[in-house]
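Before any comments, here is the structure.
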Amino acid sequence: MKLKSLIRHETFLALLLVVVLIVLSFQSDRFFTVDNLLNQGRLMTEIGLIAIAMTFVIATGGIDLSVGSILGLTAILTGVFWQNVGLPLPVAATAAIAAGTFAGFVNGVIITRFRVPPLIATLATLALYRGLAEGISQARSVRGYPEWFYVLGQKDVLGVPTQLWVLLFAAVVASVILAYTTWGRTVYAVGSNEVASRFSGLSVEKTKLALYTASGFAAAVAAVIFVSRVSTTRSDMGTGIELDAITAVVLGGTSIFGGRGTVIGTIIGLCLIQALKNGLSLAGIKGDGTIMLIGAVLILAILASNLFERSGTRT
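Each residue of the sequence shown is one higher than the one before, counting from 564 in the working numbering.
See the structure below:
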């Protein structure tokens, strides 16, 4: 059996996560507690949902920089539909999610129909959707949501944060789809060789359109959870979250050139980043130091993964 089949990026990352958890537990007695770990799960849910969808997008060789702006736009629309338009809150949230999903669909149309590179297309819509959010909000926030709405972002189910159940469900479903279905194999094929996929009769454009639409949907759902967690809406919600999601995906082993990646790797990468942020904060290390260390870990993980792959190739 080849070494590359025994040593995988996800295995190395999981071991690194265990080491980090052990080290950080010695830095603060508050870190490795059930309450703190569950709270970190609560905090990373929005990024996690976006990162799961981003795994599919990047596995095709694409990227979606607009997810943070879609999150902000959906958050504002949730408040506006409820408070200004007068829709019942469940209907308002559903309509806002539909709008966020449509924003992702627009990204897909621009990329597939007009052949605009994903980086350029989603960079443009990043500005467009953020501008829409700011224009609609007029720098005003929406507060005063009913108590039941906070169940999604602030309460627990069976002792586990509600939104963490949502993240776990999404991760399991996405893992099965990407690893065990024909559509998942199509995603890998498109990322590996788009031209060959077309000649093989695979629906490249439809796959990409579906993925960018799903990315918009994930960001929109994350927005409603975000609003429930922080009890307000602002147009700047989600600013920079796309970078956190992309970092988790790349750290998890998904190739930016496409053709490789797993949801479980993304989740482990996300947990590693969140553990570092929380543990270093509890240890009294300032934000700049945390960012530098996360960058160093990202470089280390990528170099180690490449080393293992080369070793496996020679074996």
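From the three backbone atoms N, C-alpha and C, an ideal C-beta is built for every residue, glycine too. Note that the coordinates shown come from a computational prediction; the quantities given were computed from them, not determined experimentally.
Output needed for L682: all residues of its chain with C-beta closer than 8 Å, excluding positions within five of it in sequence on either side, in chain order.
Closer than 8 Å at the Cβ level, and outside the excluded window around L682, lie I626, L628.
For Q726, is the classification buried or exposed, using 16 other Cβ atoms within 10 angstroms of its Cβ as the cut-off for buried?
Under this definition Q726 is a buried residue.
Count Cβ pairs between the region 773–781 and the region 656–676 that sit closer than 8 Å; are there 3 or more?
At 8 Å Cβ cutoff, the stretches touch.
Taking a contact to mean a Cβ-Cβ separation below 8 Å, would you say G613 touches A733 in this structure?
The question names Gly, yet the displayed sequence has Ile at residue 613. For I613 and A733, no; Cβs fall outside 8 Å.
Measure the C-alpha to C-alpha separation of N841 and L870 and round it to an integer number of angstroms.
Looking at the two C-alpha atoms, the distance is approximately 29 Å.
Among all the DSSP beta bridges, which residues are the ones paired with T608?
DSSP, once it has assigned bridges, lists no residue as partnering T608.
Do you know offhand how far A661's Cα is from V654's?
Those two C-alpha atoms are separated by around 10 Å.
So what does DSSP say about V753, is it helix, strand or coil?
Helix.
Quick one, which of I857, A783, D851, L839 has its alpha-carbon nearest I633's?
Checked all of I857, A783, D851, L839; the closest Cα to I633 is A783.
Report yes if the C-beta distance between L523 and Y692 is below 8 Å; otherwise report no.
Outside the shown range of the chain (564 to 878) lies residue 523, about which nothing can therefore be said.
For M564, which residues of its own chain have a beta-carbon under 8 Å away from its beta-carbon, when the five flanking residues on both sides are left out?
In this predicted model, M564 has a pLDDT of only 37, less than 50, meaning its place in the structure is not dependable; the value taken from the coordinates is given anyway. Nothing listed; no residue qualifies.
When we look at the beta-carbon of Q701 and count the other beta-carbons within 10 Å, is it buried (16 or more) or exposed?
The residue is exposed, with fewer than 16 neighbouring Cβ atoms inside 10 Å.
What does the alpha-carbon distance come out to for the pair Y743 and I827?
Going by the C-alpha atoms only, they are around 13 Å apart.
Under 7 Å Cβ to Cβ from A811, same chain only, skipping five residues before and after it: list those, please.
Excluding residues within five positions, the ones whose Cβ falls inside 7 Å are I610, A614, T829, G832, L833, I836.
State yes or no: is the C-beta of V860 nearer than 7 Å to some heavy atom of the ligand FAD?
Ligands are entirely absent from the displayed structure, and the ligand FAD is therefore not among its contents.
Taking the alpha helix (DSSP H) that R823 belongs to, which residues open and close that run?
Per DSSP, R823 belongs to no alpha helix (DSSP H) and is neither H nor E.
Using DSSP with H/G/I as helix, E/B as strand and the rest coil, what is D627?
Here D627 sits in coil by DSSP.
Along the alpha helix (DSSP H) that carries Q726, what are the first and last residues, could you check?
From DSSP, the alpha helix (DSSP H) with Q726 extends over 725–743.
In three-state terms, what does DSSP make of V705?
Note: V705 maps to strand in three-state DSSP.
Which of helix, strand or coil does DSSP assign to V714?
Helix, per DSSP.
Should G711 go down as buried or exposed, given a rule of 16 or more other Cβ atoms within 10 Å for buried?
Residue identity differs from the one stated: residue 711 is Trp in this sequence, not Gly. Flag for W711 reads exposed.
Whose C-alpha, out of A808, D799, L600, F644, is nearest the C-alpha of A781?
Nearest option by C-alpha distance: A808.
Where W746 and R703 are concerned, what is the direct C-alpha to C-alpha distance, given to the nearest angstrom?
Each residue's alpha carbon lies about 42 Å from the other.
Would DSSP call D807 helix, strand or coil?
Helix.
If you follow the alpha helix (DSSP H) that A662 is part of, which residue opens it and which one closes it?
Per DSSP, A662 belongs to the alpha helix (DSSP H) from 652–676.
Taking the beta carbon of R761 as the centre, do at least 16 other beta carbons fall within 10 Å, making it buried, or is it exposed?
Label assigned to R761: exposed.
How about G816 and L576: are their beta carbons less than 8 Å apart?
Their beta carbons are under 8 Å apart, which means G816 touches L576 by this criterion.
What do you reckon, are the CB atoms on R706 and S791 nearer than 8 Å?
Cβ distance not < 8 Å, so R706 and S791 don't count as in contact.
On the DSSP bridge list, what partners appear for T796?
Its beta-bridge partners are V705.
For the alpha helix (DSSP H) containing F594, list its first residue and its last residue.
F594 -> no alpha helix (DSSP H), and no H or E assigned at all.
Write down the C-beta distance between S755 and G698 rounded to the nearest angstrom, noting that I regard them as a contact closer than 8 Å.
Not really, about 41 Å apart at Cβ, beyond 8 Å.
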